[in-house]
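One structure below.
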Amino acid sequence: MWNGTDFEFTVDAGDVSKAICPAVMIPAFTDGDGSPEVSRKIASITGVDLAALRKSAELTGTMKEFTILHARPGAPFSHVLVMGCGRRASFRLDDLRSVVAKAVRTLRKIGVERMLLVAATVPELSCVDVAEAAVEGALLGLHKFKRYSKKADAVRPFRELKLLASSSRDTSPARAAGERGKTFALATIQARELAFLPANLLGPEELVSAAEKVAKQHKLSLTVLGPAELKARGMGGILAVGSGSRRSCFLADLLYRPSKRAGLPRLTLVGKGVTFDSGGISIKPSENMHHMKYDMSGAAAVLEAMDAVATLGLPVELRAIIPTAENMPDGGAYRPSDVIRMYNGSYVEVTNTDAEGRMLLADGLAYACEHDPDLVVDVATLTGAVLVALGTSVAGVMGTNAWLVQTLRTVGEHYAERFWELPLYDEYLVHMRSSVADLTNSGPRHAGTITAGKFLETFVDGRPWAHLDIAGTAWSDEDSSMYLHKPYLPKRGPTGFGVRTLAGLAARVASASNGSSQKLRELTGYKPQRAVSAKRTGRSRSV
Ligand code: BES
Ligand code: MN
Ligand code: ZN
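Residue numbering for the sequence shown follows the numbering used here, beginning at -1 and increasing consecutively.
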């Protein structure tokens, strides 16, 4: 594993001819260099003549092309790395992540540990955006999963990305943006690592330990409900899912409050923490079952978003709720036809034990609403149907609040975590009606992502809420469209999808609300219908 702790991001301003670094990266576009002036200067110091290479068509600037050139002895750079970037006009922030990822990986392979990027050579993008995205691309691209082996893992280090800003006015904002990029990328890497752990090494208890670690590190308050407390409180959904496993199930609740000041905007995240989803009694086919170790990717995203937000000290009150269980078939397991009393008092007829995520999330969401949040977002590898609808590079988003859904989509776009909205029309709820209870937990095959969303909606008490279905995007494969477009993702394994969007959402909430819960409620248009705490009494009785 490479965790990025020995990585440094530095920013300077000034002339490239004064810079010293083992390697310099030059973006090359099909329609010219980003900054012909900087290219000319680099050519004159290093003896590497890009114009000549262009003439002979050794250099065309197409995306994916890269050329490593050696500078003349004594030059301030020993290597010049020319990275093809496609057409200037179509170059996006995410292309920068990709190109930087490939560049630093290439350098690491040949033992070069430091690289300079000149902001002026990346046209159209602001220095701040370049700083943030370059750091993200570098760190995410350098990350490698641990390989379990008797032999020690030997991973070469990569020590420094240097950015040369065009003006000294840019250096301090660029440094801050780079720090944010680093925080977000390292949190994403942690989320990948958690989801990578096989279920024998990471069960619900170990996931709770991971939450404890984050809580300790940032002095967050942490409440953990174990099986006895879940039972006493009547959290039937979580208990039902956990009942087939020898391992206990839990609900972890982390709270970040940056100051004692009342009235901060309150954002609550809920993540699905199924550490292994065998399907339970409605068992899954064996073919791809091994992937189901990543069924806690939502929980990992929520936990690591919390980690990032607390590291940055953002002015929001953030709560992360992680209901966690292992879904196994067993003599004690819940079964199709069981009727479960959920935490909010409604009854669910289990028609498929493999629709376990929503059972767990329903209790998590009802618990979330008790704490009077302004916004609630849940994240889950919830349905195979979202893969059918959107594939592996776009996640599903559904919700009850237009401001929240739109903000998630905009923030997601910035981090190249794309969300496409699916409708929550009421007619879909018909499919979740049960003849023996309030709801069934699984509908017909059609619109499986939406019916799951409708199910969850009944547990959010009319709050501004959004649901992110990341079943398609949380895992990368060599031949997935996601990996093909984003070389900073692992070739195979968990992607850490959602961490940056959720942490970015918290940042957006902080800035848009000006640090005020009241202002945030104006933005979302949320008005509480009634007092929140009054109606919830006598909930701890079970069926
Ligand atoms: N964890 C799965 C969803 C999933 C499937 C994620 C494939 C990644 C890849 C979830 O718990 C599940 O099994 N969902 C069922 C729901 C159905 C029984 C209503 C599904 O999608 O088939
Ligand atoms: Mn399942
Ligand atoms: Zn699942």
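For every residue, glycine included, the Cβ atom is placed at its ideal position computed from N, Cα and C.
- In the three-state DSSP reduction, Pro492 falls in the strand class (E or B).
- Distances between the C-beta of Asp477 and the heavy atoms of the ligand BES are all 8 angstroms or more.
- Assigned with DSSP and collapsed to three states, Lys100 falls in helix.
- Between Ala117 and Leu162, the CB-CB gap stays under 9 angstroms.
- In terms of side-chain proximity, the C-beta atom of Leu388 is found no nearer than 8 angstroms to any non-hydrogen atom of the ligand BES.
- A residue is called buried when at least 16 other Cβ atoms come within 10 angstroms of its Cβ; Trp418 does not meet this threshold and is exposed.
- Collapsing the DSSP output to three states places Lys291 in a helix.
- Looking only at Ala469, Ser479 and Trp401, the smallest Cα-Cα distance to Trp463 is reached by Trp401.
- According to the DSSP assignment, Pro283 belongs to no beta strand (DSSP E), since it is labelled neither H nor E.
- Sixteen is the threshold: since fewer than 16 other Cβ atoms of the shown chains lie within 10 Å of the Cβ of Gly72, the residue is exposed.
- Of the heavy atoms belonging to the ligand BES, none sits nearer than 8 angstroms to the Cβ of Ala132.
- Ile279 and Ala331 have their alpha carbons spaced roughly 7 angstroms apart.
- Using a cutoff of 8 angstroms, the CB of Glu158 does not count as near the ligand ZN, since none of the ligand's heavy atoms is closer than that.
- Judged by beta-carbon spacing, Thr381 lies beyond the 9 angstroms limit of Ser432, meaning their Cβ atoms are not closer than that value.
- Not a single heavy atom of the ligand ZN lies less than 8 angstroms from the C-beta of Lys229.
- Non-local beta-carbon contacts of Ser276 in its own chain, meaning distances under 8 angstroms to residues more than five positions away in sequence, involve Lys282, Met287, Met290, Asn325, Met326 and Pro327 in chain order.
- It is roughly 17 angstroms from the alpha-carbon of Leu358 to the alpha-carbon of Asp436.
- Glu111 is the residue among Ala11, Leu487, Glu111 and Asp477 whose C-alpha sits nearest the C-alpha of Ala21.
- A residue is called buried when at least 16 other Cβ atoms come within 10 angstroms of its Cβ; Ile338 meets this threshold and is buried.
- Rounded to whole angstroms, the gap between the alpha carbons of Thr60 and Lys53 is 15 angstroms.
- Distance from Ala297 to Thr322 at the Cβ level is roughly 6 angstroms; contact confirmed, criterion being Cβ atoms closer than 8 angstroms.
- Remark: three or more beta-carbon pairs, one from each stretch, lie closer than 8 angstroms, so the stretch 17 to 33 and the stretch 81 to 90 are flagged as touching.
- In the displayed model, His68 falls within a strand according to three-state DSSP.
- With contacts defined by Cβ atoms closer than 9 angstroms, Leu316 and Leu267 form a contacting pair.
- Per DSSP, Ile187 is one residue of the alpha helix (DSSP H) stretching across Thr169 to Phe194.
- Within its own chain, the residues whose Cβ lies closer than 7 angstroms to the Cβ of Gly389, once the five positions on either side in sequence are excluded, are Gly470 and Ser479, listed in chain order.
- Ser170 and Val120 have their C-alpha atoms some 19 angstroms from each other.
- Apart from sequence neighbours up to five positions away, the residues of its chain that approach Ser37 with a beta-carbon distance below 7 angstroms are Ile24, Asp31 and Leu48, ordered along the chain.
- About 19 angstroms separates the beta carbons of Asp336 and Ala450, which is beyond the 8 angstroms limit, so they are not a contact pair.
- Counting only residues of its own chain and dropping the five nearest sequence neighbours on each side, Thr221 has a CB closer than 7 angstroms to the CB of Asp251.
- Under the three-state reduction of DSSP, Leu249 is assigned to strand.
- Under the three-state reduction of DSSP, Tyr345 is assigned to strand.
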